[in-house]
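Worksheet: one structure, shown below.
Residue numbers (this note's numbering), protein chains in the order written: chain A, 1 to 221; chain B, 1001 to 1198.
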């Protein structure tokens, strides 16, 4: 989906905030949210890493940005746990109000609704027996596609022509795996784009390399 | 698919405590397990791992060749593996080629060698600008690269994770592998800085 998460090339953010001495977690809650998310993604909900990333993308732009990286991890955990019927909608709000002393009726437990999905192997790498469709050195075009669901094809390369630099290990396709519609194991290619083909003639000279699944590519015209 | 949680004015600290309390009450989460995850990533898995890999590559040409040919295997051989390290590709900086790593879509990062991503790597400004004006961005980090240096930016969009092998600093010829380790920062292994001078 074309969401706030797809930040490559956006303007207006200003300078990067750089603190070389920051700890891994700036406050105790960040560590709790991180650890809860690791369990929520998989063990508690039966979801997967791609569904987790898509849960981030489904946050509104304001929610996505409001509490930073671990703030959205907390919200994605709530999303996955609610989707899969592990906790009730509104349960976290109610419990939070209870914890701060309000008198709140907590919602009843929902019916478990975990996805009908089992990974065919560990992680995301998968064997593909067919040879890769594109060869190293070949020109390819990133499709100009705008799916409503999850994709790992960044907006800023869509429709642009690049060159295959390397055949990466084949892997499951996040676009379908995130929605429990099958792993669709396929080839993945490291594709190089010239900065001027992405940002115009006045762009800084550099080469951008990005790993793109077979589904995202078509032969260059 | 249900809607995402409604925007809430409740502080995120309190929401986190509330979610943990529900999951513990249901018997789904053991706080001690959360403590263990937190300790692992706050104290044990960090850029020191990657620094050891780099220092070994600087002092052992045979290991360096293996590292560049199959980063995942060479890194696992030093005992570093785990989540976000399924496939690690190591790219070498030289006097004429500089690599920079970003994840524009979230903040993918090679956890087994660098730990969890630092704040600047997760900053929207970094995610947005690294693929559009890397030279200007690097200058803000204090790294001015000459026009003879080609910049190659990697956007970590698949499960492949990238680690930069920085150039070995001048004047370190006499240093041992152990003495080189402190010169290798996570910034150098992501490409926003060079390794420190001795």
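Note that CB positions come from ideal geometry on N, CA and C, so glycine has one too.
I'd like to check one pair, residue 1186(B) with residue 1087(B): are the Cβ atoms closer than 8 Å? Numbered from 1 along the second chain, position 87 holds the residue referred to as residue 1087(B). Numbered from 1 along the second chain, position 186 holds the residue referred to as residue 1186(B). A distance of 8 Å or more separates the beta carbons of residue 1087(B) and residue 1186(B).
What separation, rounded to the nearest whole angstrom, lies between the Cα atoms of residue 96(A) and residue 1015(B)? Against the first chain, residue 96(A) aligns to sequence position 96. Against the second chain, residue 1015(B) aligns to sequence position 15. Rounded to whole angstroms, residue 96(A) to residue 1015(B) spans 6 Å at the Cα level.
Rounded C-alpha distance that separates residue 1111(B) from residue 70(A): By one-based count along the second chain, residue 1111(B) stands at place 111. By one-based count along the first chain, residue 70(A) stands at place 70. Approximately 16 Å, taken between the alpha carbons.
For residue 1018(B), decide whether its Cβ has a neighbour in chain E, counting only Cβ atoms nearer than 8 Å. No chain E is part of this structure, whose protein chains are labelled A and B.
In terms of DSSP beta bridges, what is residue 1162(B) paired with? Taking the first residue of the second chain as 1, we reach residue 1162(B) at position 162. Beta bridge pairing from DSSP links residue 1162(B) with 1089(B).
Looking only at its chain, what residues have a beta carbon closer than 8 Å to the beta carbon of residue 195(A), apart from the 5 residues adjacent to it on each side? Locating residue 195(A) in the first chain gives position 195, counting from the first residue. If we look at residue 195(A) and ignore the five residues flanking it on each side, its Cβ neighbours are 203, 204, 205, 206, 207, 208.
Which stretch, first to last residue, makes up the alpha helix (DSSP H) that contains residue 1063(B)? As a working note, residue 1063(B) is residue 63 in the second chain. 1061 to 1069 is the span of the alpha helix (DSSP H), which, as asked, contains residue 1063(B).
When you compare the CB positions of residue 1138(B) and residue 1194(B), do they come within less than 8 Å of one another, or not? The residue you call residue 1138(B) lines up with position 138 of the second chain. The residue you call residue 1194(B) lines up with position 194 of the second chain. Not in contact: residue 1138(B) and residue 1194(B) (Cβ atoms no closer than 8 Å).
Would you call the region 1169 to 1185 of chain B and the region 1051 to 1060 of chain B touching, i.e. three or more CB-CB distances under 8 Å? yes
Output yes or no for whether 8 Å exceeds the beta carbon distance between residue 1102(B) and residue 1130(B). In the second chain, residue 1102(B) corresponds to position 102, counting from 1. In the second chain, residue 1130(B) corresponds to position 130, counting from 1. Yes, the Cβ-Cβ distance between residue 1102(B) and residue 1130(B) is below 8 Å.
Under a CB-based cut-off of 8 Å, is residue 169(A) close to chain B? Here residue 169(A) corresponds to residue number 169 of the first chain, with the count starting at 1. Yes, contact with chain B.
Of all the residues that make up the region 48 to 71 of chain A, which are near chain B by a beta-carbon distance shorter than 9 Å? Cβ contacts with chain B come from 49, 53, 55, 56, 57, 58, 59, 60, 62, 63, 65, 66, 67, 68, 69, 70, 71.
Residues in the region 18 to 38 of chain A having any Cβ partner in chain B nearer than 9 Å: Those residues of the region 18 to 38 of chain A that come within reach of chain B (Cβ to Cβ, closer than 9 Å) are 18, 19, 20, 22, 23, 24, 25, 26, 27, 28, 29, 30, 31, 32, 33, 34, 35, 36, 38.
Would you give the residue range spanned by the alpha helix (DSSP H) that residue 93(A) belongs to? Position 93 of the first chain holds residue 93(A). 91 to 99 is the extent of the alpha helix (DSSP H) around residue 93(A).
Can you list, in chain order, the residues of its chain whose CB lies under 7 Å from that of residue 3(A), leaving out five sequence neighbours each side? Counting from one through the first chain, the residue named residue 3(A) turns up at place 3. Contacts found: 57.
Report the residue from 1019(B), 1175(B), 1167(B), 1123(B) whose alpha carbon sits nearest the alpha carbon of residue 14(A). Position 14 of the first chain, counting from 1, holds the residue named residue 14(A). Closest option to residue 14(A), Cα to Cα, is 1123(B).
Would you check if the region 1113 to 1122 of chain B and the region 1033 to 1050 of chain B touch, i.e. whether three or more CB-CB distances between them fall below 8 Å? yes
Opposite residue 1100(B) in the DSSP bridges: which residues? Sequence index remark: in the second chain, residue 1100(B) carries index 100 (1-based). BP columns for residue 1100(B) point to 1153(B).
Below 7 Å between beta carbons is the criterion; list the residues of the region 1065 to 1084 of chain B that meet it against any residue of chain A, in chain order. none
CB-CB length for residue 1181(B) against residue 1055(B), believed under 8 Å: Taking the second chain and counting its residues from 1, the one referred to as residue 1181(B) is at position 181. Taking the second chain and counting its residues from 1, the one referred to as residue 1055(B) is at position 55. About 5 Å separates the two Cβ atoms, so the contact holds.
Contiguous alpha helix (DSSP H) assignments of at least 4 residues, all confined to the region 51 to 123 of chain A: Qualifying alpha helix (DSSP H) stretches, in chain order: 61 to 66, 68 to 83, 91 to 99.
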